Amino acid sequence: MDTKEKALNIRLSILKMLTKAGSGHTGGSMDLADIFAVLYFKHLNYNIDNQYDEDRDRVVLSIGHTAPVLYATLAEAGFFPKEELLTLRDFGSRLQGHPSKDFNLPGVETSAGSLGQGLSIALGMALAAKMDNKKHRIYCIMGDGELQEGSVWEAAMAAAHHKPDNLCAVVDRNRLQIDGDTENVMSLEPLNAKWKSFGWYVIDIDGHNHNQIDAAFSKAKLIKDKPVLVIANTVMGKGVKSIENNCKWHGKVPDKQQLYSFIEELYKQYCVS
Ligand SMILES: Cc1ncc(C[n+]2csc(CCOP(=O)(O)OP(=O)(O)O)c2C)c(N)n1
Ligand SMILES: [Mg+2]
Numbered sequence: 111m112d113t114k115e116k117a118l119n120i121r122l123s124i125l126k127m128l129t130k131a132g133s134g135h136t137g138g139s140m141d142l143a144d145i146f147a148v149l150y151f152k153h154l155n156y157n158i159d160n161q162y163d164e165d166r167d168r169v170v171l172s173i174g175h176t177a178p179v180l181y182a183t184l185a186e187a188g189f190f191p192k193e194e195l196l197t198l199r200d201f202g203s204r205l206q207g208h209p210s211k212d213f214n215l216p217g218v219e220t221s222a223g224s225l226g227q228g229l230s231i232a233l234g235m236a237l238a239a240k241m242d243n244k245k246h247r248i249y250c251i252m253g254d255g256e257l258q259e260g261s262v263w264e265a266a267m268a269a270a271h272h273k274p275d276n277l278c279a280v281v282d283r284n285r286l287q288i289d290g291d292t293e294n295v296m297s298l299e300p301l302n303a304k305w306k307s308f309g310w311y312v313i314d315i316d317g318h319n320h321n322q323i324d325a326a327f328s329k330a331k332l333i334k335d336k337p338v339l340v341i342a343n344t345v346m347g348k349g350v351k352s353i354e355n356n357c358k359w360h361g362k363v364p365d366k367q368q369l370y371s372f373i374e375e376l377y378k379q380y381c382v383s
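Next up, the structure:
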């Protein structure tokens with residue numbers, strides 16, 4: 111199955127699980143589907159029969175509110191049955207609204223939800239791997255609004271100092287956060303130059319173009335003595351025109367009627383692409 115079909119399945123799962131749950135975050139989850147499809151099905155090193163293998167690559171989802179894209183991808187990869195996706199946000203479910211390590215869901219490497227923490231956690235994992243002479247890689251997925259947290263820049267500075275070339279961070283640059291355009295709320299640009307000046311190797315891509323995503327993760331593996339940041343330019347809600355690029359969909363979910371039409375739209379789009 112190619113990564114386009116994986117991304118379609120991930121988006122379908124996201125919409126179904128969020129509609130069933132009745133609450134959660136659609137916009138960011140949908141726009142990360144292409145990145146997750148390429149990451150998990152072309153680059154990430156994991157053993158589905160030994161899910162806690164200590165040599166596995168780790169994904170730290172720093173923007174915990176986009177948990178649905180992580181859960182949908184993990185189920186797609188076979189970490190747990192797809193039926194469990196429909197327990198999202200149920201009391202006691204392993205699929206908490208924001209990922210929680212306490213619930214022992216395979217593939218969830220860290221709890222998240224409080225923005226700005228993930229890069230520090232990922233850096234710790236990357237340095238630990240180096241100390242242990244391990245070859246696995248650490249990926250950290252951040253939001254663009256999340257970059258307004260000061261702790262991100264402390265981690266960025268520490269990473270540049272310690273030079274973990276097994277660390278690859280991704281920014282979901284959808285240019286939106288809860289309150290609107292990131293550049294109006296608290297501007298991030300020039301984003302590429304900021305990270306470069308902190309000592310990172312920076313790659314800008316279209317976060318929906320599978321070739322570009324693939325090439326970025328491949329390139330990141332070749333960079334020595336620097337952490338890598340991929341700025342993935344995305345469209346919030348990607349895949350469903352009526353919700354795309356609208357920050358109201360940051361934390362809104364479809365109702366049943368919308369779910370049917372959104373699913374139809376996704377299938378149609380997939381068939382013509
Ligand atoms: C420390 C902290 N402050 C505020 C929030 C509330 N919050 C959750 S998501 C979000 C917006 C983050 O924007 P972005 O990273 O761009 O995510 P997107 O809206 O694109 O999904 C905010 C402010 C939080 N979870 N943690
Ligand atoms: Mg954003």
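Heads up, the sequence shown is in the numbering used here, so the first residue is 111 and it goes up one at a time. We put the beta carbon where it would ideally sit given N, CA and C, even for glycine. Fair warning: this is a prediction, and the values are worked out from it, not measured in the lab.
- Taking C-beta atoms under 8 Å as the contact rule, LEU229 and ALA279 qualify, at a distance of about 6 Å.
- In the structure shown, GLN161 falls within a coil segment according to DSSP collapsed to helix, strand and coil.
- Taking a cut-off of 8 Å for Cβ pairs, the segment 207-221 and the segment 249-265 do not touch, as fewer than three such pairs fall below it.
- For the pair ARG121 and LYS351, the Cα-to-Cα distance works out to about 13 Å.
- Where ARG285 is concerned, there is no enclosing beta strand (DSSP E), because DSSP gives it neither an H nor an E.
- Put simply, of GLY174, ASN155, GLN161 the residue whose alpha carbon is nearest the alpha carbon of ASP167 is ASN155.
- For the beta strand (DSSP E) assignment, the segment 121-153 encloses no uninterrupted run of at least 3 residues.
- Under DSSP, ALA342 shares a beta bridge with ASP282, ILE315.
- By the Cβ neighbour-count rule, LYS334 is exposed, with fewer than 16 other Cβ atoms within 10 Å of its own.
- Counted as a single uninterrupted DSSP element, the stretch harbouring ILE173 is not any beta strand (DSSP E), since DSSP gives it neither H nor E.
- In this structure, the C-beta of MET346 approaches ligand 1 to less than 7 Å from one of its heavy atoms.
- According to DSSP, MET252 shares a beta bridge with VAL281.
- Taking C-beta atoms under 8 Å as the contact rule, THR344 and ASN276 fail to qualify, at a distance of about 25 Å.
- Remark: fewer than three beta-carbon pairs, one from each stretch, lie closer than 8 Å, so the segment 303-322 and the segment 360-370 are not flagged as touching.
- Inclusion of GLY317 and ILE145 in the CB contact set at 8 Å is warranted, their separation being smaller than that value.
- A heavy atom of ligand 1 is found nearer than 7 Å to the CB of GLN287.
- Only residues of its own chain outside the window of five on either side were considered, and among them none has a CB closer than 6 Å to the CB of GLU194.
- For PHE213, no alpha helix (DSSP H) segment is defined, and its DSSP state is neither H nor E.
- Taking C-beta atoms as the reference points, PHE327 and LEU125 fail to come closer than 8 Å.
- When distances are taken from the beta-carbon of ASP144 to the heavy atoms of ligand 2, even the shortest one reaches 7 Å or more.
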